[in-house]
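J.: In my numbering, the protein residues as written are -7 to 411.
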Amino acid sequence: MGFSFLFALEALARCHLREKHTAVFVSYNLDDAKEKILVARQVHEELPLAYQKRLVVDSKTELAFESNGAGKRISRILSNPSKAPRGKKGDCYLDELAHYVNDREVYRGSTALILRSFGQLSGCSTPLGRRGIFWEVACEELRRYPHHTRQEVPWWLCRFFCNDVARTSVEAPHLTTEERVAAFGRPTIVEQLDSLPLEDFQQEFECRFVDESYSFYPYDLILPCTSDELVLCDDATDLPLPDGRIVAGFDVGRSRDRSELAVFEERDGRFVCRLLRRYDQVPFSEQEADLRRLLDTVPVSRLSVDKSGIGMNLAENLARDYPQVVAEAFSNESKERWATDFKILLQRKDIVLPRDRELVGQVHSIKRRVLPSGKVSFDAERSTRGGHADRFWAIALACQKERGSTPTRTTEIGVRVIG
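Here you go:
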């Protein structure tokens, strides 16, 4: 609930109140790292001139301030994406620690950093399952961490989500999620509960570490296949000339969901994401026109399109005019096949995805259930107005193993003539 902003303010204040102070931010990705420096710079510009230290280094990932005294001592704020802050000393802030691929390495390097300077280590994060160093320190279920203090900030302690913080802080812990949102939630938090599966809402807004034993894709399987250095294109016309095959998947939005397009480049069985695009409240005619533009401008080897339900006409129209379009029927059997193919890619680390929290959450939301009929079902929980992991299924369609067409079974009639 705004800890990134608070970290930036605290670091800036200490750089002005102390001599030769160093604050090191570690963030989930490079964009988040730059954002903290931007906040600190903006607040510095608003300080009264009498209290401002002179800004002598101003970059996207570092600020340095020169003291106003005779000593001209330098205080610094450094901001890095998720890597261990070795070779530094001072205060260290680990933002969204639970979401790092290398969370233990970062934590280990951070503790050494503060020891050399008697600094302070601060970590905050939205929970990400019952795993990783953040969960271990926060919950102490595996061992004790006696030198840490802890603070939980669920939505009902935030005035922009809750209409009566004083009363809710006493009553909310004894209510269910639905009861406390209905009783004390502002429209913004009510909308979030309506839009997310219950477990996702509890993890994002109620500081709950969700048991991931039912997820088909554990976080430890997903995170190593994400990259902060991967740059996606915004439009099909921006795609560079590929070195490998271009494959794509399109999941057609149902009545309440959003259509999703995923484009990958495949080389020697390794899939690299090139474009992810969402169509929210976009007419089907415009979606079809956009897919035609993709097929006309990019050498797409295969575009797999969901032909279930209202996507039937779109899939048939495209398949009629473009031989590389494959109309795919969503069934328990086909979804099991696509989900298994995708899991194998993750296990082999043969897929590169953008480091995006929403995408990681969608992949993790897929659960494997055995139905009363004995068949297996793969899908995410659907909330009142939420989707069914549309982006995940677009990706799974694109990255499926191509097995070729199944030979058509023909009937043979044998005739035996006697006489």
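Don't be surprised by glycine CBs; every beta carbon is placed ideally from N, CA and C.
State the Cα-Cα distance for the pair Val35 and Ala390, rounded to the nearest angstrom.
T.: Those two C-alpha atoms are separated by around 45 Å.
J.: Give me the DSSP bridge partner(s) of Lys359.
T.: Paired residues: Ser207 and Asp371.
J.: Assuming Gln316 contacts Leu286 under a Cβ cut-off of 8 Å, what Cβ separation, rounded to an integer in Å, is found between them?
T.: Not confirmed; about 11 Å, so no contact.
J.: Return the residue from the list Arg312, Val255, Leu306 and Gly261 that minimises the CA-CA distance to Trp385.
T.: Between Trp385 and the set Arg312, Val255, Leu306 and Gly261, the nearest pair of CA atoms involves Val255.
J.: So Glu258 is in the beta strand (DSSP E); what residue range does that whole segment cover?
T.: Ser251 to Arg259
J.: According to the neighbour-count rule (16 or more other Cβ atoms, all chains shown, within 10 Å of its Cβ), is Leu1 buried or exposed?
T.: exposed
J.: Assuming Ser207 contacts Ile106 (C-beta within less than 8 Å), just tell me the rounded distance between them.
T.: Wrong, their Cβ atoms sit about 34 Å apart, outside the cutoff.
J.: Any chance you could list the alpha helix (DSSP H) runs of at least 4 consecutive residues sitting entirely within the stretch 55 to 105, in chain order?
T.: none
J.: Does DSSP classify Cys217 as helix, strand or coil?
T.: helix
J.: Going by the beta-carbon positions, is the gap between Lys75 and Cys217 smaller than 8 Å?
T.: no
J.: Using the three-state DSSP reduction, which class does Thr53 fall into: helix, strand or coil?
T.: coil
J.: State yes or no: is the C-beta of Ser114 within less than 8 Å of the C-beta of Phe(-3)?
T.: no
J.: Applying the 10 Å Cβ sphere with the 16-neighbour rule, what's the burial state of Ser369?
T.: exposed
J.: Report the CB separation of Glu258 from Val239 in whole angstroms; it is logged as a contact under 8 Å.
T.: 6 Å
J.: Determine, using beta carbons only, whether Asn155 and Arg172 come nearer to each other than 8 Å.
T.: no
J.: When DSSP labels each residue in this structure, what does Ser323 get in the three-state scheme?
T.: coil
J.: Using a Cβ-Cβ cut-off of 8 Å (strictly less than) and excluding sequence neighbours within five positions of Ala104, which residues of its own chain qualify?
T.: For Ala104, same chain residues with a beta-carbon under 8 Å away, outside a window of 5 residues either side, are Arg78 in chain order.
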